[in-house]
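Engineer: The numbering used here numbers the first residue of the sequence shown as 2 and each following residue consecutively. One structure, pasted below without further comment.
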Amino acid sequence: MKIKRLAHIGVAVKDIDEVAKVYTEFLPLKLDSVDAVGELRTGFLPVGETSIELVMSTTAEGVMAKHVEKRGEGIHHLAFEVDDVEAACAELKAKGVPLTSDAPRPGAHGSKVLFLHPKATRGVLIELVEMPKGH
Ligand code: ZN
Numbered sequence: 002m003k004i005k006r007l008a009h010i011g012v013a014v015k016d017i018d019e020v021a022k023v024y025t026e027f028l029p030l031k032l033d034s035v036d037a038v039g040e041l042r043t044g045f046l047p048v049g050e051t052s053i054e055l056v057m058s059t060t061a062e063g064v065m066a067k068h069v070e071k072r073g074e075g076i077h078h079l080a081f082e083v084d085d086v087e088a089a090c091a092e093l094k095a096k097g098v099p100l101t102s103d104a105p106r107p108g109a110h111g112s113k114v115l116f117l118h119p120k121a122t123r124g125v126l127i128e129l130v131e132m133p134k135g136h
């Protein structure tokens, strides 16, 4: 597995539009793109080679809604970009690393994502992301 860059830092929020103001009004960042993925809504604010990803639940009962209710808003995960997330998945399974899903899943903007299980990553959720070709 080769890590290309820190793709983004995920921040759990209650409302993307409200929290985006922190980055766009206090700081000169721009909310570049918003996307819906399953029960989540994501908004990306580019910062050089990486981004801040604001993530909110669109349902009151979702995993992210429960996370924010229990732990509050804040840094939620680190996402590392890899060339081939299927290969990375196989490599992690071979090492016995617990994952939150059996295979990579569709992420924002046509990406494919895989999460290491938080019980194995000592307090920081880790996401691997493969960007769509030509992105
Ligand atoms: Zn993410």
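Glycine is no exception: its CB is placed at the ideal position from the N, C-alpha and C atoms.
1) So which of His9, Glu87, Val98, Thr59 has the shortest CA-CA distance to Gly39?
2) Specify the secondary structure class of Leu93 as computed by DSSP and reduced to three states.
3) Return yes when the C-beta of Gly39 is under 6 angstroms from any heavy atom of ligand 1, and no when it is not.
4) CB Val56 to CB Gly11, shorter than 7 angstroms?
5) Where do the N-terminal and C-terminal ends of the beta strand (DSSP E) with Lys113 fall, by residue?
6) Taking Asp18 as the reference, give the member of Ala8, Gly63, Arg6, Asp36 with the closest Cα.
7) Are Glu62 and Ala13 closer than 7 angstroms when you measure CB to CB?
8) Taking only the alpha-carbon atoms, compute the straight-line gap between Lys113 and Glu54 and give it to the nearest angstrom.
9) Closer than 6 angstroms is what we want: which residues have a beta carbon that near any heavy atom of ligand 1? List them in chain order.
10) Relative to the alpha-carbon of Glu50, which residue among Met132, Val86, Val98, Arg6 has its alpha-carbon at the smallest distance?
11) According to DSSP, is Glu70 helix, strand or coil?
12) According to the Cβ coordinates, are Leu115 and Leu129 closer than 7 angstroms?
13) Enumerated in chain order, which unbroken segments of the beta strand (DSSP E) with a length of 3 residues or greater are wholly contained in the stretch 8–93?
Structural biologist: Inspection of the coordinates gives the following:
1) Thr59
2) Here Leu93 sits in helix by DSSP.
3) No; taking the cut-off as 6 angstroms, the Cβ of Gly39 has no heavy atom of ligand 1 nearer than that.
4) yes
5) In the DSSP assignment, Lys113 falls within the unbroken beta strand (DSSP E) covering 113–116.
6) Asp36
7) no
8) 15 angstroms
9) His9, Gly11, Glu54, His78, Ala80, Glu128
10) Arg6
11) Helix at Glu70.
12) yes
13) 34–38, 41–48, 51–58, 75–83
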